[in-house]
Structures are given as structure tokens and as C-alpha cells.
Amino acid sequence: MLQALCGPVQGQAERKGEVDSEHVARIDRPWNPRGAAQLGTHRERDFLGLAEIEFALAQALALPCERDRPGQETRARQPCGRRCTVGRCRAARPPIMAVADCASGRCAGGHRSAWRQPILRDWLPALPASVSLIPARVDASIQTVQRQFDARAARFPHHDAIVREVAARMLERLSCMRHPTARLLDLGCGRGACRSSLQRQFPGAQWLGIDLAPAMLRAAPDDIAWRQRLGNWLGRGGGTPRGAMRVCASAERLPLADASIDLVFSNLMLHWHPAPHEAIAEIARVLRTGGLVMFSSFGPDTWKELRSACQATLADARPMPFVDMHDFGDMLVSAGFEAPVMEAEIVRLTFGSARALLAEARALGGNPRADRARGLPSGSRARSLLQALQATADPQGRIALSFEIAIGHGWKAPPRAGRVQTITLPRPRTR
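Residue numbers 100 to 530, in this note's numbering, belong to the letters of the sequence shown in order.
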């Protein structure tokens with residue numbers, strides 16, 4: 100799987116010009132279990148099963164190491180730039196920093212590192228540099244989005260009713276599409292709630308979940324972790340790692356090779372991204388020609404009751420703006436998708452109290468805007484907000500909260516060859 104995701108590798112087996120998906124290229128030397136045990140003694144490297152992921156990545160990418168280079172020391176260089184005996188290279192297993200190490204800014208040997216990204220970019224295939232002339236839709240930081248979802252990971256299952264409802268509607272639409280899928284990307288997978296349903300619809304497909312928040316991935320059900328560990332363990336002898344695999348990365352910088360995914364499924368993720376056009380362009384890059392993307396997003400009318408109450412009681416409120424479905428359609432066309440289809444519908448949830456409504460809205464993500472109001476509102480302003488929400492209750496005392504759900508899909512079009520058009524101009528007159 101990783102071989103096909105991350106591009107060609109050394110010693111790759113080919114059959115009639117096609118890559119054998121059931122084979123992962125072996126390195127010149129066999130894997131040394133002693134080296135795995137040495138790196139596996141650190142608790143951080145068991146995070147999300149990355150003790151197995153890093154070996155699978157090393158195998159798939161055929162990464163060079165200090166020991167393989169003549170005239171170099173046998174100690175592997177850590178991402179922080181220092182040489183560390185903890186990360187000593189054994190056979191073909193270089194020390195790839197785990198997500199837990201990145202969050203703390205330290206390598207496995209305890210060295211302080213200035214690198215804090217969730218994926219070690221230097222050891223992944225180089226992504227094409229792109230310059231976007233489209234400004235971000237809102238002044239927000241992707242790190243703020245990550246931090247807010249990390250803080251909400253523990254209580255997210257208690258407030259994900261709308262997420263599960265939208266996922267069910269997307270899966271119903273997806274069941275009507277006949278699309279051969281060998282590799283499936285669940286972008287913004289969170290705790291992996293859609294994995295089992297997607298694998299039932301696409302039996303035999305390899306599921307890869309990517310999410311920005313490490314805490315959401317850490318809180319995934321235990322069966323995903325066991326599948327990931329078992330699949331990677333079975334794949335160490337040359338087989339493809341099977342089962343579920345999760346990676347922490349951002350949607351605009353996916354650690355995947357070009358044209359390596361057959362289907363991208365993204366449920367209620369794109370509206371939290373400060374620049375969704377960059378995420379859609381990245382989805383187009385990793386999809387093969389003819390690949391399918393299906394996604395859902397909150398629309399502008401989401402939380403309109405809460406927005407009205409905030410505007411009436413909190414003058415400095417800066418709610419998160421959501422993208423219109425027509426803009427998403429334009430992004431799909433600009434990214435190279437053909438026959439894009441966008442539809443929107445309104446879903447209303449009712450709550451018994453204004454406090455329960457606010458807890459639901461807060462648990463679904465928060466507000467990553469840089470110009471949002473700092474600090475907590477005063478007690479009087481908070482009571483005014485609760486009273487404004489309670490005033491919208493129906494005769495049964497239930498308070499409604501609206502969600503505009505935009506669901507779209509598109510197929511990646513084949514690249515078009517440039518055409519030269521000859522224009523004949525009349526010869527200018529001379530005096």
C-alpha cells in the first residue's frame with residue numbers, strides 16, 4: 100500500500116509494466132527485529148501504531164540511512180540534526196519521528212527540535228511547489244484548528260449526531276456509484292467512525308485515514324489500532340500492509356504520491372480549513388485520473404439561530420464564515436474535476452436548553468479565526484445570550500439549531516493537451 104501511495108521504490112517488482120499491489124519492495128538487507136525492538140522501547144513510538152508505520156514507510160520509500168553511505172558513521176541522524184544512539188539505524192529501518200515526538204518538539208533521543216510538523220516531510224516524496232494567487236477565505240491558522248480539535252477529542256462522540264447523520268447520507272449516495280476502488284482515503288477521518296461502513300461498501304479496498312488532530316487519531320477505536328499493527332506486522336516479510344492505517348497530516352500537504360488514490364471521502368472537514376481551495380487542489384493531485392471525490396461541508400446558513408443571537412447580544416462576536424456550495428463547485432472545476440455535482444439541504448437539531456445547544460456547537464469545532472473575541476464574555480452578556488436563544492424555543496420548549504449541509508462529488512478529468520489556435524490578422528495599411 101505504502102509503496103503505491105508514496106511513489107516508486109528501489110527494487111520494485113513489476114509484472115508486464117504494472118506494479119504488483121501485493122508486493123512491497125524489499126531492501127537489500129532483511130529487516131532486523133533487534134532494531135525494531137530497540138526503537139519500540141520508547142512509549143512515544145507506540146503512538147497510533149507508528150512503531151509499525153515507520154517501518155512500513157521505510158520499506159516502501161527505500162529510505163537511505165547513514166549506515167548505508169560509505170565513509171559515514173553508523174549512527175543515524177535524527178530530524179533535529181543531531182546524531183543519536185537511540186535512533187541507531189538497523190538494517191533498513193531509519194528513525195522516522197512519531198507524531199507524539201513532533202508534538203513535544205523532541206526526537207526519540209530527547210533532543211530538542213525546532214521541527215514541529217506532524218509528518219517528516221524531508222523523508223517523504225517531494226511535493227510540487229505551488230503558488231496560489233487565491234487568498235485564504237478567513238484569517239485563521241491551521242495550527243489553531245488542530246489545537247481546538249485536540250481539546251475536543253475526548254467529548255466529541257457525545258456531540259457527533261450531525262456528523263453521523265451526514266455520513267449516512269453520503270454513504271447512501273456513494274452506494275449508487277459504481278466505482279472500482281483499491282485505495283480509499285478518508286480525509287478528516289477523526290476517530291475513524293466511517294471506516295467500517297466504507298470497507299463494507301468497498302470490500303478489499305485499503306483504507307487510509309488522515310486527520311490533522313493527533314488527539315482525534317489517538318482516540319480511535321481499538322480495533323483500528325489492532326488492524327493497523329497486525330497488517331503492518333504481516334507485511335514486514337514483503338506483503339502489503341493490510342487493514343486500517345492512520346496518518347496525521349494537513350489536507351493541503353498530503354504525504355501521498357501523485358495519482359495514488361482511487362476514492363477520497365471527506366465528511367464535514369473542508370469548512371474548517373482556512374483555504375479549502377488548496378485542500379481541493381491537493382485532493383486532485385493524489386487522485387488518479389477518473390478518481391472520485393465525495394465531500395460534505397457546512398454552508399452559510401449553518402447555526403443561523405446562534406449567529407442571530409450572538410449579533411444581538413455580543414457586539415464583538417466574529418463567527419466562523421462557511422463556504423457556499425457554489426464556491427465549492429467552482430473550486431472543483433478549477434482543480435480539474437469534471438461533472439461536479441453540488442447539493443444542499445437543511446438539517447435541524449433540537450435541544451432542551453440553550454446550554455445544551457451551546458455545548459453542541461462548541462464540541463463540533465470551535466472558532467479558529469484570528470480576530471475572534473479573546474477571553475470569556477461577562478456574566479450579564481452570557482445570560483443575555485442564553486435568554487436570546489431560549490426566546491426561539493417552540494411551544495414544547497425545544498430550541499432548534501439549523502445546519503446547512505452541502506454535499507458534492509466530482510470525477511478527476513484526464514489532462515487536456517494544449518491546443519494552438521492560429522489567428523490571421525489583416526495586414527496593416529501603410530501610407
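For glycine and all other residues, C-beta sits at the position ideal for the given N, C-alpha and C.
Checklist entry - Between H370 and S349, is the Cβ-Cβ spacing less than 8 Å? => result Position 271 of the sequence shown, counting from 1, holds the residue named residue 370. Position 250 of the sequence shown, counting from 1, holds the residue named residue 349. Contact: no.
Checklist entry - Which residue spans inside the region 261-314 form an unbroken beta strand (DSSP E) run of at least 3? => result 282-286, 305-310
Checklist entry - Which residues does DSSP pair with M447 in a beta bridge? => result In the sequence shown, the residue the question calls residue 447 occupies position 348. First, the amino acid is wrong: residue 447 is Arg here, not Met. R447 is bridged to S501.
Checklist entry - Under a Cβ-count criterion, where at least 16 other Cβ atoms within 10 Å of its own Cβ denotes burial, should A414 be classed as buried or exposed? => result The sequence position of residue 414 within the sequence shown is 315, counting from 1. Label assigned to A414: exposed.
Next on the checklist: Quick check: the Cα distance between A292 and R263, rounded to an integer number of angstroms?
Outcome noted: Position 193 of the sequence shown, counted from the first residue, corresponds to residue 292. Position 164 of the sequence shown, counted from the first residue, corresponds to residue 263. Looking at the two C-alpha atoms, the distance is approximately 8 Å.
Checklist entry - What residues in its chain sit with their C-beta under 8 Å from that of A469, if we drop five residues either side in the sequence? => result As a working mapping, residue 469 is identified with position 370 in the sequence shown. Around A469: D238, A239, S240, T243.
Checklist entry - So L362 is in the alpha helix (DSSP H); what residue range does that whole segment cover? => result Along the sequence shown, one-based indexing puts residue 362 at 263. Looking at the DSSP string, L362 is not in any alpha helix (DSSP H); the run it does join, the beta strand (DSSP E), is 360-365.
Checklist entry - Which whole-angstrom value is the C-beta distance of L391 and M276, which I expect to be below 8 Å? => result As a working note, residue 391 is residue 292 in the sequence shown. As a working note, residue 276 is residue 177 in the sequence shown. That belief holds up - the Cβ atoms of L391 and M276 are roughly 7 Å apart, short of 8 Å.
Next on the checklist: Short of 7 Å in beta carbon distance, which residues of its chain neighbour T412, apart from the five on each side in sequence? Order them along the chain.
Outcome noted: Sequence index remark: in the sequence shown, residue 412 carries index 313 (1-based). For T412, where only same-chain residues beyond five positions count, the Cβ hits under 7 Å are R480, S483, L484, A487.
Checklist entry - How do the region 487-506 and the region 431-439 stand: do at least 3 beta-carbon pairs fall below 8 Å, yes or no? => result no
Item to check | Three-way DSSP call (helix, strand, coil) for P514 in this model | outcome: In the sequence shown, residue 514 corresponds to position 415, counting from 1. P514: coil per DSSP, three-state reduction.
Next on the checklist: I'd like the list of long-range same chain contacts for I233, defined as Cβ closer than 7 Å, with 5 residues on each side in sequence excluded.
Outcome noted: The count along the sequence shown starts at 1 and reaches residue 233 at position 134. In this prediction, I233 scores a pLDDT of 40, lower than 50, which makes its location untrustworthy; the coordinate-derived value is nonetheless stated afterwards. The answer, listed in chain order, is H376.
Next on the checklist: By the DSSP assignment, the beta strand (DSSP E) with M368 in it spans what residues?
Outcome noted: Looking up residue 368 in the sequence shown gives position 269. Neither: M368 is in no beta strand (DSSP E) and is coded neither H nor E.
Next on the checklist: Taking only three categories from DSSP, how would you classify T388?
Outcome noted: On the sequence shown, position 289 is the one that residue 388 refers to. Three-state result, T388: strand.
Next on the checklist: Please classify V385 as buried or exposed, where buried requires at least 16 other C-beta atoms within 10 Å of its C-beta.
Outcome noted: Here residue 385 corresponds to residue number 286 of the sequence shown, with the count starting at 1. Buried, by the Cβ-count rule.
Checklist entry - Since R345 is in the beta strand (DSSP E), which residue starts that stretch and which ends it? => result As a position in the sequence shown, residue 345 is number 246, starting the count at 1. Unbroken beta strand (DSSP E) run through R345: 343-347.
Checklist entry - Which stretch, first to last residue, makes up the alpha helix (DSSP H) that contains G478? => result By one-based count along the sequence shown, residue 478 stands at place 379. Unbroken alpha helix (DSSP H) run through G478: 478-489.
Item to check | Contact check, E442 vs I506, beta carbons under 8 Å | outcome: Reading the sequence shown from its first residue, position 343 is the one you call residue 442. Reading the sequence shown from its first residue, position 407 is the one you call residue 506. Taking 8 Å as the Cβ cut-off, E442 and I506 qualify as a contacting pair.
Item to check | Straight-line Cα distance separating A253 from A318 | outcome: By one-based count along the sequence shown, residue 318 stands at place 219. By one-based count along the sequence shown, residue 253 stands at place 154. So the two alpha carbons sit approximately 7 Å from each other.
Checklist entry - How would you label Q410, buried or exposed, when you count the other beta carbons within 10 angstroms and need 16 or more for buried? => result Taking the first residue of the sequence shown as position 1, residue 410 is located at position 311. Its Cβ having fewer than 16 others within 10 Å, Q410 is exposed.
Checklist entry - Per DSSP, what kind of secondary structure is A239 in: helix, strand or coil? => result Taking the sequence shown and counting its residues from 1, the one referred to as residue 239 is at position 140. In this structure, A239 counts as strand in the three-state DSSP scheme.
Checklist entry - Near L457, what residues of its chain come up, given a Cβ to Cβ distance below 7 Å and the 5 sequence neighbours on each side ignored? => result Counted from its first residue, the sequence shown places residue 457 at position 358. Same-chain partners within the cutoff: there are none.
Item to check | Under the three-state DSSP convention, the category F421 falls into | outcome: For this step, residue 421 is matched to residue 322 along the sequence shown. F421 falls in the coil class under three-state DSSP.
Next on the checklist: Assuming the contact rule is C-beta atoms closer than 8 Å, Q245 and L311 should be a hit. Round their C-beta distance to whole Å, please.
Outcome noted: Looking up residue 245 in the sequence shown gives position 146. Looking up residue 311 in the sequence shown gives position 212. Rounded, the Cβ-Cβ distance is 5 Å, consistent with contact.
Item to check | Counterpart residues of H508 in DSSP-defined beta bridges | outcome: Translated into the one-based positions of the sequence shown, residue 508 becomes position 409. DSSP, once it has assigned bridges, lists M393, V440 as partnering H508.
Next on the checklist: My assumption, with CB atoms under 8 Å, is that L316 sits in contact with R282. Please give the rounded CB distance.
Outcome noted: The residue given as residue 316 occupies position 217 in the sequence shown. The residue given as residue 282 occupies position 183 in the sequence shown. Contact doesn't hold; Cβ gap of about 19 Å is too wide.
Checklist entry - Based on the DSSP output, what are the partners of R352 in its beta bridges? => result Along the sequence shown, read from residue 1 onward, the residue named residue 352 stands at position 253. Per DSSP, S349.
Next on the checklist: Among the candidates F427, R454, V346, I498, whose CA atom is the shortest distance from the CA of K403?
Outcome noted: Position 304 of the sequence shown, counted from the start, is the residue given in the question as residue 403. Looking at the Cα atoms, I498 is the closest of the given residues.
Next on the checklist: Looking at the secondary structure, which residues open and close the alpha helix (DSSP H) in which S452 lies?
Outcome noted: Mapped onto the sequence shown, residue 452 falls at position 353. Counting along the chain, S452 falls outside any alpha helix (DSSP H), and DSSP gives it neither H nor E.
Item to check | Beta-carbon spacing of A343, D249 below 8 Å | outcome: Here residue 343 is taken as the residue at index 244 of the sequence shown, counted from 1. Here residue 249 is taken as the residue at index 150 of the sequence shown, counted from 1. Against a cut-off of 8 Å, the Cβ pair of D249 and A343 comes out as no contact.
Checklist entry - Nearest-angstrom Cα distance between E459 and E444? => result Mapped onto the sequence shown, residue 459 falls at position 360. Mapped onto the sequence shown, residue 444 falls at position 345. C-alpha separation (whole angstroms): 20 Å.
Next on the checklist: Can you find the residues in the same chain that come closer than 7 Å, C-beta to C-beta, to A378, ignoring five residues on each side of it along the sequence?
Outcome noted: Walking along the sequence shown from the start, residue 378 turns up at place 279. Cβ neighbours of A378 beyond the five flanking positions: A350, E351, L369, H372.
Next on the checklist: Going by C-alpha to C-alpha distance, which of N466, G389, V422, R471 sits closest to A512?
Outcome noted: Working through the sequence shown from its first residue, we reach residue 512 at position 413. Comparing Cα-Cα distances from A512 to each of N466, G389, V422, R471, the minimum goes to G389.
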